[in-house]
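Novice: First, the structure itself, so that you have it in front of you.
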Amino acid sequence: MFLPVIMAGGSGTRLWPVSREHYPKQFCSLVGDGTMLQQTVGRLSGLDRQEPLLICNEEHRFLAAEQLRLAGIENSPLILEPVGRNTAPAIALAAIEATRDGSDPLLLVMPADHLIQDIAAFHAGLAKAEALAGEGRLVTFGIVPKTPETGFGYIRRGAPLGSEGFSVAGFEEKPDLATAKAYLATGDCYWNSGMFMFRASAYLDEMRKHAPAILQACEQAMAHPQTDSQFIRPDRAAFEACPSDSIDYAVMEKTERAAVVPLDAGWNDIGSWSAIWDAMDKDADGNALSGDVLQVGSKNSIVAAEKRLVALVGVEDLVVIETADAVLVARRDAVQQVKQIVEKLKTLGRSEYVDHRKVYRPWGHYDSIDVGDRHQVKRITVKPGAKLSVQKHHHRAEHWVVVRGTAKVLKGEETILLSENQSTYIPLGEVHALENPGKIPLELIEVQSGSYLGEDDIVRFEDRYGRA
């Protein structure tokens with residue numbers, strides 16, 4: 001039996017406009033059914049394992065918990081990183097938490113945003129890694145390369161370790177094309193997958209030997225974590241003082257216990273729109289199309305339409321991604337530059353790199369369907385049994401019109417029930433709350449008006465999600 005540790009941090013800027021700061025690629029549905037996180041959990045089905053331990057940041061905690069719930073996993077623990085410090089400290093937090101009760105499980109460390117298409121081959125690789133990790137090895141999975149990729153680091157294998165895998169002769173940085181071709185020709189180099197298996201104590205021992213400052217900071221951060229339902233919060237000050245480093249640099253390149261298990265399982269890191277085109281089913285002209293798309297005389301393009309009809313005529317090798325508030329058009333061989341658009345959005349102070357038009361909250365979601373200088377219109381959906389915080393606003397008033405379900409509204413000292421086609425008005429400064437007491441989703445239209453309409457104009461008095 002092993003404990004899956006799922007790394008769900010990261011921003012996925014190269015997959016904008018679908019992936020955004022508050023809704024990164026691991027929470028998006030990009031290839032196949034379900035989100036990347038849900039697919040990561042799903043490929044563990046049928047294995048002798050514990051419930052997964054997930055690591056993400058504070059901002060994504062409710063999104064991650066809800067996606068796990070939809071995948072059939074209730075109350076799985078989530079470690080919330082106060083700040084990003086790369087993979088070595090994050091995995092150390094997980095190893096410390098996993099050994100808190102005196103146990104010493106094998107940890108299977110996986111990013112939440114990778115695609116693996118051959119599940120049987122993946123499971124076979126896990127069985128080999130489990131045998132090596134049980135002997136005290138720190139196992140990494142090396143992807144059998146198909147092409148001379150320059151975007152991945154490489155692992156060079158050493159002597160065989162029985163039939164399970166090999167010792168590690170060395171780790172290589174991302175190469176230029178000529179070097180990548182040379183690696184491919186040797187037959188003893190693999191792409192570095194970023195997946196690992198080892199016993200928790202073995203990882204901590206190697207951290208103590210090779211990265212003691214990181215381990216000490218993580219131990220201090222986890223000495224007295226705050227716990228809130230399924231959420232585990234390390235001490236912020238201690239973790240902020242932790243050096244930032246990857247597991248490869250901090251441990252795997254230095255340890256004498258490293259092993260590699262070759263994996264040929266249809267792996268794809270989904271690191272760009274071109275990678276998604278590679279992984280998707282295509283028509284006879286090489287086009288990967290999703291949503292409401294029409295094409296005439298176009299080839300080898302990827303098109304994703306979310307809200308509108310997208311038509312392609314006589315083009316080749318394009319990426320066209322349409323969302324409710326942004327459209328990306330790029331050459332397929334230039335998609336690595338998408339992150340430069342994200343940087344420009346940041347520099348300009350625009351919100352499109354942070355949120356989609358539809359924003360998810362622990363109680364449901366809202367869609368900003370119209371925004372002006374002194375007004376904003378939202379379509380709000382509240383899950384059955386959920387309640388927004390008891391709050392007030394200093395700069396805006398709100399009108400609510402129920403279009404589906406039943407709303408329980410606190411307005412000052414008064415509590416009222418509203419059904420379909422009924423409405424109410426929340427004056428500026430009035431303490432209020434919205435709740436769905438029913439069995440179906442509550443949908444309403446909210447019209448805000450005032451001098452400032454930002455989400456930070458909220459004073460919370462009570463909140464069942466710990467945000468007050």
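Under UniProt numbering, the first residue of the sequence shown carries the number 1, and numbering increases by one thereafter.
C-beta: ideal position from N, C-alpha, C; glycine also.
It should be emphasised that the depicted structure is a prediction, and the values quoted were computed from it without experimental measurement.
Please report how far the alpha carbon of GLY9 lies from the alpha carbon of SER351, in whole angstroms.
Specialist: Near 20 Å, if we compare the C-alpha coordinates of SER351 and GLY9.
Novice: From HIS224 to CYS218, what distance separates their C-alpha atoms?
Specialist: Spanning the two alpha carbons is a distance of roughly 11 Å.
Novice: What does the Cβ neighbour count give for GLU435, buried or exposed, with the cut at 16 atoms within 10 Å?
Specialist: Buried.
Novice: State the DSSP-derived secondary structure class of GLN230, mapped to helix, strand or coil.
Specialist: Looking at GLN230 - three-state DSSP - the assignment turns out to be coil, as it is neither helix nor strand.
Novice: Using only alpha-carbon positions, find the residue among GLU135, PRO4, GLY32 and HIS123 that is nearest to ILE73.
Specialist: The candidate whose alpha carbon is nearest that of ILE73 is PRO4.
Novice: Going by CA-CA distance only, name the one from VAL390, ALA124 and ARG379 that's closest to GLN448.
Specialist: Minimum Cα distance to GLN448 is reached at ARG379.
Novice: Can you tell me whether PRO105 is buried or exposed? The criterion is at least 16 other CB atoms within 10 Å of its CB, across all chains shown.
Specialist: So PRO105 counts as buried.
Novice: Can you tell me which residues form a DSSP beta bridge with ASN57?
Specialist: Note: ASN57 sits in a beta bridge opposite GLU81.
Novice: Any idea if SER11 is buried or exposed, counting beta-carbon neighbours within 10 angstroms, 16 or more meaning buried?
Specialist: The residue in question, SER11, is buried, as its Cβ has 16 or more Cβ neighbours within 10 Å.
Novice: Are the beta-carbon atoms belonging to GLY405 and PRO441 less than 8 Å from one another?
Specialist: A contact, by the Cβ cut-off of 8 Å.
Novice: Would you say LEU47 lies against chain B (beta-carbon separation less than 8 Å)?
Specialist: Checking the listed chains, one finds no chain B in this structure; it contains a single protein chain.
Novice: Taking only three categories from DSSP, how would you classify GLN117?
Specialist: Reduced to three states, the DSSP call for GLN117 is coil.
Novice: Counting beta carbon pairs with one atom in the region 33-51 and one in the region 82-94, are three or more of them shorter than 8 Å?
Specialist: Verdict: no, contact absent.
Novice: TYR38 to TYR190, Cα distance in whole Å?
Specialist: With the sequence shown as reference, residue 38 is identified as Gln, and Tyr is not the correct amino acid for it. Taking the straight line joining both Cα atoms gives about 27 Å.
Novice: How about PHE239 and LEU108: are their beta carbons less than 8 Å apart?
Specialist: For PHE239 and LEU108, no; Cβs fall outside 8 Å.
Novice: I'd like to check one pair, LEU410 with VAL382: are the Cβ atoms closer than 8 Å?
Specialist: No, they are not a contact pair.
Novice: Return the bridge partner residues of LYS411 from the DSSP annotation.
Specialist: BP columns for LYS411 point to GLU414 and HIS432.
Novice: What is the DSSP secondary structure of ALA397, reduced to helix, strand or coil?
Specialist: Of the three classes helix, strand and coil, the one that applies to ALA397 here is strand, per DSSP.
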